[in-house]
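Protein chains in written order, with the working numbering: chain A, 25 to 382; chain B, 25 to 382. Written below as structure tokens is the structure these notes are about.
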């Protein structure tokens with residue numbers, strides 16, 4: 025059975041504001057200093073999956089920029105456009121229907137476009153194991169990341185080793201924990217970070233939608249009938265916005281796991297979901313005072329800061345634990361522990377009609 | 025006897041970096057939102073002194089910009105150029121010699137160019153009292169400011185009321201105190217802030233130099249002989265750099281006060297020496313969270329900050345007690361309690377050959 029990649033690239037990455045913008049979301053940025061994030065994601069999958077079998081699904085607003093950014097890596101016809109953002113269940117279901125219609129079936133490797141992974145050789149090996157498991161077991165497989173610290177910013181997967189078969193069975197998905205809970209997870213040793221990477225036959229996805237979220241399945245099934253017809257675009261435009269907006273975790277994975285029907289491959293590569301400015305800490309070296317300095321800065325009595333300048337010299341005196349970011353039109357100064365409150369700025373910008381800054 | 029104003033405008037105001045620069049020092053900035061500081065100083069003196077009798081003395085580097093800035097207020101011939109900065113004793117002595125040579129004698133009103141004073145009517149009344157005292161008593165008179173809080177950033181003047189004559193005699197100049205000492209000054213009630221404003225006959229200044237700092241007097245006396253001659257410029261250029269660099273306080277005022285030969289008029293106007301970014305706190309209204317916002321900013325969970333934007337939108341999240349300043353080429357983020365360390369940045373800029381930023 026062939027393997028198909030599906031890169032989900034609909035996110036707006038608002039937590040990386042002011043660098044990430046509506047017109048240039050996180051996946052289209054080069055945050056690592058090496059390559060644009062979505063291109064790194066494509067390159068990781070290309071090690072395992074043929075280029076012509078890798079698809080990107082994204083909001084129609086991003087189709088143009090994504091074609092432009094990925095044109096040397098991805099066939100333009102493999103960019104799937106969503107007429108509106110309906111969360112991950114809809115986009116995975118739609119892509120599964122396309123694969124079933126076009127290729128009868130196939131192993132889908134579903135991955136977020138915007139994660140950071142450093143050790144690609146390990147990733148490839150883990151992914152190949154997961155593909156093999158998905159093909160042999162007719163189960164939904166995920167890759168969980170070996171936790172390196174009690175992170176409170178990630179969801180966790182509780183699992184159980186089945187030594188007789190040499191597989192790991194997912195027991196339960198856990199929301200982002202508080203620090204104490206995260207510590208117990210690490211101590212117990214049978215928890216992994218939820219990477220959001222899913223490996224599964226398209227036909228299994230279809231079956232799970234039919235069983236678990238029949239309302240979504242009905243809409244997807246209407247769409248399926250029109251795929252590759254002249255009316256596909258029109259039907260998508262009409263039906264897609266009606267699909268319930270729900271994540272694949274809530275729609276399918278959580279209940280599947282409770283039935284012991286999900287497997288997890290332990291990923292031992294360096295990983296970050298790049299969920300906030302603080303994620304830059306895993307990407308860049310710090311100076312002797314714990315500062316990450318990207319661009320031009322002079323620091324005096326400054327500790328544990330992330331400083332990114334665009335054009336101007338940034339000088340800091342007597343400050344600690346700040347994220348300082350300059351872009352062409354704005355400067356953000358944010359306490360590291362408050363980086364999730366960037367969304368409050370976005371609300372204010374929206375409410376005060378300053379949408380150019382979004 | 026006529027009154028002559030002398031505005032001392034040689035300072036570089038490095039503590040207001042990055043707004044104040046070598047090419048545009050503090051006195052040439054509009055920090056109040058109303059008018060350029062030196063022009064406010066001129067306007068205050070013009071209420072009491074004839075325009076043609078007001079002089080500005082400054083470093084020759086600033087003569088051009090000061091002429092340009094003050095041309096509607098000050099006669100160009102009244103701008104006195106110093107070939108190098110030799111502190112306040114030299115500049116006051118040189119100006120006194122010019123007044124004696126040109127006008128025989130006169131009451132000098134000597135004022136820093138860069139202080140902030142809000143209630144100009146009260147200032148005028150206090151200054152007229154001081155001029156009267158200086159004329160009648162042949163003493164050096166200063167204006168001391170009624171302290172409104174135990175400031176640690178100002179020098180103090182200890183004084184004694186002489187009720188019989190209705191005058192205040194200066195007992196001692198005090199350096200900037202620590203907070204505890206400042207509190208005792210306020211409690212004792214016989215201390216005023218040292219404004220640096222001096223009112224005195226030019227002939228008294230000359231006599232004091234001769235008595236107290238004869239080495240400086242000798243140099244000034246050579247210069248005096250050439251004032252209004254074709255060789256004045258050449259002599260100034262040769263002699264001035266040899267004059268001992270010392271403040272008028274150390275050279276003349278402190279020992280004069282110890283001899284009970286200085287008087288002080290109590291100034292009850294709102295005043296700031298504009299010695300650091302923190303001084304902006306007296307100039308501008310705060311929002312309900314204690315922030316002073318000049319320019320375009322969005323603040324979230326932000327308290328007690330001074331934020332000044334030039335062109336970009338500044339956003340702050342979860343920060344307290346910071347000075348944040350954007351200029352055309354730089355952005356400074358400084359803890360309010362560390363604003364004196366701006367000079368460390370200037371040292372680094374100097375040592376790393378980035379003098380464009382100075």
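The beta-carbon is built from N, C-alpha and C at its ideal position, and this holds for glycine as well. As the structure is a prediction and not an experimental result, all values here were calculated from the model.
Measure the C-alpha to C-alpha separation of residue i and residue j and round it to an integer number of angstroms.
i             : j             : result
residue 238/A : residue 134/A : 21 Å
residue 288/A : residue 138/A : 21 Å
residue 168/B : residue 186/B : 16 Å
residue 178/A : residue 362/A : 16 Å
residue 120/B : residue 79/B  : 11 Å
residue 94/B  : residue 54/B  : 13 Å
residue 222/A : residue 348/B : 45 Å
residue 246/B : residue 273/B : 23 Å
residue 216/B : residue 303/B : 18 Å
residue 92/B  : residue 326/B : 40 Å
residue 4/A   : residue 271/A : As displayed, chain A neither begins before 25 nor continues past 382, which places residue 4/A out of reach and without an answer.
residue 117/A : residue 72/A  : 22 Å
residue 373/B : residue 209/A : 49 Å
residue 311/A : residue 328/B : 29 Å
residue 46/A  : residue 86/A  : 9 Å
residue 346/B : residue 338/B : 13 Å
residue 276/A : residue 343/A : 46 Å
residue 28/A  : residue 265/A : 25 Å
residue 259/A : residue 103/A : 18 Å
residue 77/A  : residue 315/B : 55 Å
residue 292/A : residue 141/A : 10 Å
residue 322/B : residue 369/A : 7 Å
residue 248/B : residue 74/B  : 24 Å
Leaving out the 5 sequence neighbours to the left and right, which residues in its chain are closer than 6 Å to residue i when beta-carbon positions are compared?
i             : result
residue 269/B : 110 and 111
residue 153/B : 289
residue 165/B : 154, 157, 158, 223 and 287
Report all residues from its chain with a CB closer than 8 Å to the CB of residue i; omit the five preceding and five following residues, and keep chain order.
i             : result
residue 67/A  : 59, 97 and 144
residue 364/A : 39 and 300
Taking a contact to mean a Cβ-Cβ separation below 8 Å, would you say residue i touches residue j in this structure?
i             : j             : result
residue 192/B : residue 64/B  : no
residue 324/A : residue 340/A : yes
residue 81/B  : residue 33/B  : yes
residue 190/A : residue 26/A  : no
residue 114/A : residue 330/A : no
residue 298/A : residue 50/A  : yes
residue 89/A  : residue 30/A  : no
residue 334/B : residue 350/B : yes
residue 376/B : residue 336/A : no
residue 136/B : residue 356/B : no
residue 214/A : residue 173/A : no
residue 218/B : residue 181/B : yes
Which of helix, strand or coil does DSSP assign to residue i?
i             : result
residue 197/B : strand
residue 289/A : strand
residue 268/A : coil
residue 168/A : strand
residue 303/B : helix
residue 244/B : helix
residue 382/A : coil
residue 369/A : helix
residue 139/B : coil
residue 45/A  : strand
residue 185/B : strand
residue 294/A : coil
residue 273/A : helix
residue 224/A : strand
residue 29/A  : strand
residue 6/A   : There is no way to answer for residue 6/A, as the model of chain A reaches only from 25 to 382.
residue 175/A : coil
residue 321/A : strand
residue 219/A : strand
residue 79/B  : strand
residue 106/B : strand
residue 327/A : strand
Under 7 Å Cβ to Cβ from residue i, same chain only, skipping five residues before and after it: list those, please.
i             : result
residue 241/A : 233 and 234
residue 281/B : 194, 195, 196 and 197
(message) Three or more C-beta pairs under 8 Å: does that hold for the segment 240 to 255 of chain A against the segment 146 to 159 of chain A?
(response) With a cut-off of 8 Å, the segment 146 to 159 of chain A and the segment 240 to 255 of chain A do not count as touching, because too few Cβ pairs lie within range.
(message) Using a Cβ distance threshold of 8 Å, determine whether the segment 193 to 201 of chain A contacts the segment 219 to 236 of chain A, with at least three qualifying pairs required.
(response) No contact exists between the segment 193 to 201 of chain A and the segment 219 to 236 of chain A.
(message) Does the contact criterion of 3 or more C-beta pairs under 8 Å hold for the segment 223 to 232 of chain B versus the segment 119 to 130 of chain B?
(response) With a cut-off of 8 Å, the segment 119 to 130 of chain B and the segment 223 to 232 of chain B count as touching, because enough Cβ pairs lie within range.
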